[in-house]
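Right, one structure below, let's go through it.
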Amino acid sequence: MSVVQAILGLLSWFALAYFAFLAGLYTWFTLVAWRTLAALRRARAYAPLDEIYASPFAPGVSMLLPAYNEEAGVVASATSLLALRYPRHEVIVINDGSTDGTLQQLQEAFDLVPVREALRSRIPAKPLHGAYVSRRHRNLWVLDKENGGKADALNAGINAASHPYFCAVDADAILEDDSLLRIVKPVIDDPDGLVAAAGIIRIANGATISGGRMLDFRLPRSRLATMQVVEYFRAFLVGRIGWDSLGALLVVSGAFGLFRRSAVEEVGGYALGTVGEDIELVVRLQARLRERHAKFRIAFVPEPTCWTEAPEDLKTLSTQRRRWQRGLGETLWRHRRMMANPRYGAVGLLALPYFLVAEFLGSVIEVFGIFIVVAAVATGAVTVSALLAYTAVSMLIWILLSFSAILLEEYAIRRYVHGRDIAKMVLYSLSESIGYRQLNAFWRCQAMVDLARRRKGWGTMPRRGLERPTEAPPGRMTRV
Amino acid sequence: MSLMVAVSACFMALSFALLTTLALRHAVLGRRDQHTADAERRMRPLAIGLMEDGDPVPDLSQADQRALATVMGRYSRKVSGGTSERIGGYFREGGGLAAELEGMRSRRAWRRAAAAYALGDMACPEVVPMLAAALEDRNDEVRAAAVRSLGRLRDPTVTETLVESLVAHRVPRGMAGAALLQLGSDAVPELRRIAAHEDAAVRQVAMTVLGLVGDSGDADVALVALRDPAADVRAAAARALARIGTGSAEPALREALGDPEHFVRAHAARALGAIGAYTAVPRLVEIARTDRFKPARAAAQAVAAIDPETLVAEAAGPDAGAHLHEAADLALI
Amino acid sequence: MSASGGDQPVILAADDDEDILQLVAFRLGRSGYRVLQAHDGEEALALATEHEPDLAVLDVGMPKLDGFEVVRRLRAQESTRAMPIIMLTARAQDTDVEEGFDAGANDYLRKPFSPQELKARVQAMLARR
Chain A
1 MSVVQAILGL LSWFALAYFA FLAGLYTWFT LVAWRTLAAL RRARAYAPLD EIYASPFAPG
61 VSMLLPAYNE EAGVVASATS LLALRYPRHE VIVINDGSTD GTLQQLQEAF DLVPVREALR
121 SRIPAKPLHG AYVSRRHRNL WVLDKENGGK ADALNAGINA ASHPYFCAVD ADAILEDDSL
181 LRIVKPVIDD PDGLVAAAGI IRIANGATIS GGRMLDFRLP RSRLATMQVV EYFRAFLVGR
241 IGWDSLGALL VVSGAFGLFR RSAVEEVGGY ALGTVGEDIE LVVRLQARLR ERHAKFRIAF
301 VPEPTCWTEA PEDLKTLSTQ RRRWQRGLGE TLWRHRRMMA NPRYGAVGLL ALPYFLVAEF
361 LGSVIEVFGI FIVVAAVATG AVTVSALLAY TAVSMLIWIL LSFSAILLEE YAIRRYVHGR
421 DIAKMVLYSL SESIGYRQLN AFWRCQAMVD LARRRKGWGT MPRRGLERPT EAPPGRMTRV
Chain B
1001 MSLMVAVSAC FMALSFALLT TLALRHAVLG RRDQHTADAE RRMRPLAIGL MEDGDPVPDL
1061 SQADQRALAT VMGRYSRKVS GGTSERIGGY FREGGGLAAE LEGMRSRRAW RRAAAAYALG
1121 DMACPEVVPM LAAALEDRND EVRAAAVRSL GRLRDPTVTE TLVESLVAHR VPRGMAGAAL
1181 LQLGSDAVPE LRRIAAHEDA AVRQVAMTVL GLVGDSGDAD VALVALRDPA ADVRAAAARA
1241 LARIGTGSAE PALREALGDP EHFVRAHAAR ALGAIGAYTA VPRLVEIART DRFKPARAAA
1301 QAVAAIDPET LVAEAAGPDA GAHLHEAADL ALI
Chain C
2001 MSASGGDQPV ILAADDDEDI LQLVAFRLGR SGYRVLQAHD GEEALALATE HEPDLAVLDV
2061 GMPKLDGFEV VRRLRAQEST RAMPIIMLTA RAQDTDVEEG FDAGANDYLR KPFSPQELKA
2121 RVQAMLARR
């Protein structure tokens, strides 16, 4: 056996070990998810939503909606946020220097009146041009500021928030009626310790939406979007529950996440200069709170659902995935001190290394792995039959995990009730391992190149806007 | 090699099993859900007849019985008075009550929690002692469900038990508070008594709830609590006075404007605004100009509530500060 | 005032909760009233404008148009300005009561409510006319 063969053989073993570790971790997470969701299903029999709704003890929540060039859907988003079933909340839209008609749309729809709003200055943010309140909805505020990016917009929103908790929401996201009630439950269970809560993100592309409410849940017509639906099940349902069970949840999605305002103010608000400001904030919270040996909790609540628009063409999807990868890389670099550091508990020892190896570098490993394996076979370091066996087993495991995720969704959450949709998802999960994963890995490698080249910014994400009417609501729509 | 084949075969078998489960479950559950929804719709008129006219319960299939119980449970959360009593009678005679009492003795926590929750919707006041005992259950979800149900059943004799379980951190603060609130004015005598409890946390909760369910006759308790050594109790007292205070509370509240804790000052300012304390306006303006964010904002809004003209005039002056400006702009809308 | 055309007073009941709607319709129907049912604010407004009922029982939190807005609009119309209105709410806040009266409602019932009490108030209010 030549040196080359030996090296290739070794590398192939390494690839196998890497795969085995990933599969093992996800299988473990799947089992945990089963247990958690089974408990959730049973707990529905005693979910005290009505009580929380009617209770003056429910914590006030400020919904922060950063908007940059969102004229297509900002009014509908704000409307649906105002209509959420919750006893005490306000909506703060932050117009981050839009160059389109975002502010005008808001002005017309909500009858805005300028107010010299008093703002806190604990977190630095770009200056405001002005603040407005809606004459019709006194709990709707609009901040008009210089463009500073999403993190800066959120920081300005935090400075204006009047409630002790805030919820960062994406402009194209739609929340379910009860989403706020549910995401607030960990706060009620543990008001002193709860620092952040994450809800679950789902893909709305195929759903019927009217008046800011979800009426019917179907799978998207677009193949790419359907693929993402299946992917989200695996990543969200299984992944987040798993990490939450280890007390190492790192991702509270920017599309829908609840935070205790004072905790975020203490760590300095959202960080500028990174496209992954949501994950960066959570990692920083984990870091500071663990350094202080504080008793805290960052929870994942599998029920409160946020529906977002998923990219339906390859270009937009690749832009999004590259941005995610860049954000992850930037965060990992900023907090490299925490890596494998026992001072940070499960976050430092398990979560961060996982994200580094499997999520960040994993793409490189996968892409190069293919070359290595092919070369190994070509040089005879690995037999063809071994390669076939390995491929078959790995594909089967991923398919199994995907099926499991779909079954979990059907068992516990049950939003997709049409049989045809479930069958379709099963079919798609079969083909996910062939092509989609590899495509993702390729984009992530591109992102590494972006990082090396220090590319910044979000790129353009053309929004179609989900089907929604844009007329303004005539009165307060808070439901009792 | 043959090992790999064996492993692959295993995985394929597992996948097939999962798929079959998925398909079967979906078909079965879908049909069952549809039937349940239909049954509940059919049972509703029956439930109404039961509650309002005292109709007897006819013979029903098992599925229909379950649907009827669900509908009655839903109604129990929405109605009170004689209707509520008839619902209690239905659960007592129909056996639903017995089933849940049995469930309370289950060894599984989720079953106990579901039972504790369901008991709150059966309008049978005799279960209160059992629920009060469940406040000591070792599982937190059972305790939370018990608290919620005690709130539903509105028996004022459990007021102190609820407060104690709250203070001992056996149940989430918010849920115990909500339950106490449901007791409403019936809980007032008990709350007045424990407003002088030796534990500051107890005094704080008592004061908070008293502020929400009491009336101006209870302001005397709040006035005493305004001088409590614990800041949280003082804040709760000030907050209470915003609702139950009258003009006679003004001197004490003005004194509280100088409290060392900023959140007490904020609540005192708010209370003065709610009372309409005209003579406190100059002091409030001063606070709005110079104090920290929370009390300054509260003071500005209080001035807006009491005397909008003065507010606008002061806001136009130099060094008025951001809070007076904001309050003035809002007052003019 | 009322264009009901019969000797039965007409009452409009509006609530997005079907359970409550059916219960109210039953209780008031039994007491000799004709009950129109609406499931949301828009439907309530439309029915009130078209039929000019003798009294309206409105839930506060309805989709499309909430109870307060319906009251405001009814008060703004000549034909329905004087219609007696009772409101229902599930929230425990006092601000609801204030807002209801500010908007123009005549009376207020908190949920959980007693159907007998609702009937008594309806009777009393209609007797005053």
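Chains as they are written, first to last, in the numbering used here: chain A, 1 to 480; chain B, 1001 to 1333; chain C, 2001 to 2129.
Cβ coordinates follow ideal geometry from the N, Cα and C atoms, glycine included.
The structure presented is a predicted model; accordingly, all values stated were derived computationally and were not measured.
| Item | Value |
| --- | --- |
| Listed by chain order, chain A residues near B:E1141 by CB distance under 8 Å | A43, Y46 |
| For C:R2030, the nearest candidate out of C:A2124, C:K2119, C:E2099, C:S2079 (CA to CA) | C:K2119 |
| Within 8 Å of chain C by C-beta, residues of the region 1201 to 1227 of chain B in sequence order | L1212 |
| For A:R135 and B:I1333, the rounded distance between their alpha carbons | 7 Å |
| Where the beta strand (DSSP E) through B:H1169 begins and ends | It is not in any beta strand (DSSP E) - B:H1169 carries neither H nor E in the DSSP assignment. |
| Status (buried if at least 16 other CB within 10 Å, exposed otherwise) for B:E1126 | exposed |
| Against chain B: residues of the region 2105 to 2124 of chain C by CB proximity under 7 Å | K2111, P2112, F2113, S2114, P2115, Q2116, E2117 |
| Chain E within 8 Å of A:V426, Cβ atoms only | The structure shown has no chain E; the protein chains it does contain are A, B and C. |
| Length of the line joining the Cα atoms of B:T1157 and B:L1150 | 10 Å |
| Neighbour list for B:H1267 in chain A, Cβ cutoff strictly below 7 Å | Under the 7 Å cutoff, chain A gives no residues; its nearest Cβ is about 14 Å from B:H1267. |
| Residues near A:I52 by beta carbon distance below 6 Å, same chain, minus five either side | A58, L181 |
| Continuous beta strand (DSSP E) stretch holding A:N341: start and end | That residue, A:N341, is in no beta strand (DSSP E); it is neither H nor E in DSSP. |
| Segment contact, 8 Å Cβ cut-off, at least three pairs: the region 109 to 129 of chain A with the region 137 to 154 of chain A | yes |
| The region 216 to 223 of chain A in contact with the region 235 to 248 of chain A per 3-pair CB rule at 8 Å | no |
| Nearest-angstrom Cα separation, counted from A:F110 out to A:E90 | 14 Å |
| Neighbourhood of C:A2105 by C-beta distance below 6 Å, restricted to the same chain and skipping five residues each side | V2071, I2085, M2087 |
| Residue from B:A1236, B:S1216, B:A1230, B:L1223 whose Cα sits closest to the Cα of B:A1206 | B:A1236 |
| Cutoff 6 Å; reference A:P304; Cβ partners in own chain excluding five residues on either side | S179, R182, I183, G199 |
| Cutoff 6 Å; reference B:A1225; Cβ partners in own chain excluding five residues on either side | M1207, V1233, A1237 |
| Limits of the unbroken beta strand (DSSP E) element including A:F259 | 256 to 260 |
| Run of the beta strand (DSSP E) containing A:M496, from where it starts to where it stops | In the structure as shown, chain A begins at 1 and stops at 480. Residue 496 of chain A is therefore absent and cannot be evaluated. |
| For A:G369, three-class secondary structure by DSSP | helix |
| Residue range of the alpha helix (DSSP H) that includes A:T226 | 223 to 232 |
| Cβ pair count under 8 Å reaching 3, the region 246 to 254 of chain A against the region 270 to 280 of chain A | yes |
| Residues of the region 1296 to 1316 of chain B with Cβ closer than 8 Å to any Cβ of chain C, in chain order | none |
| A:I279: first and last residue of the uninterrupted alpha helix (DSSP H) it sits in | 277 to 291 |
| Cβ-Cβ distance between A:N95 and A:S121 below 8 Å | no |
| Distance CB(B:E1160)-CB(B:E1190) smaller than 8 Å | yes |
| 8 Å Cβ cutoff, B:I1048 in contact with chain C | yes |
| Same chain only: Cβ atoms within 6 Å of B:Q1204, ignoring 5 sequence neighbours per side | D1232, V1233, A1236 |
| Every unbroken alpha helix (DSSP H) within the region 1094 to 1146 of chain B, with a cutoff of 4 residues, ordered by chain | 1096 to 1103, 1109 to 1119, 1128 to 1134 |
| Any non-hydrogen atom of the ligand ATP within 7 Å of B:D1291 CB | Among the components of this structure there are no ligands whatsoever, and the ligand ATP is therefore not found. |
| As assigned by DSSP and simplified to three states, the class of A:A320 | Here residue 320 of chain A is Gln; the residue named in the question, Ala, does not match the sequence. A:Q320: helix per DSSP, three-state reduction. |
| Rounded distance between the beta-carbons of B:D1307 and B:A1299, thought under 8 Å | Between B:D1307 and B:A1299 the Cβ distance is about 12 Å, and since that is not below 8 Å, they are no contact. |
| Short Cβ contact (8 Å threshold) for A:A287 with A:Y344 | yes |
| Closest residue to A:E359 among A:L175, A:R437, A:P164 (Cα-Cα distance) | A:R437 |
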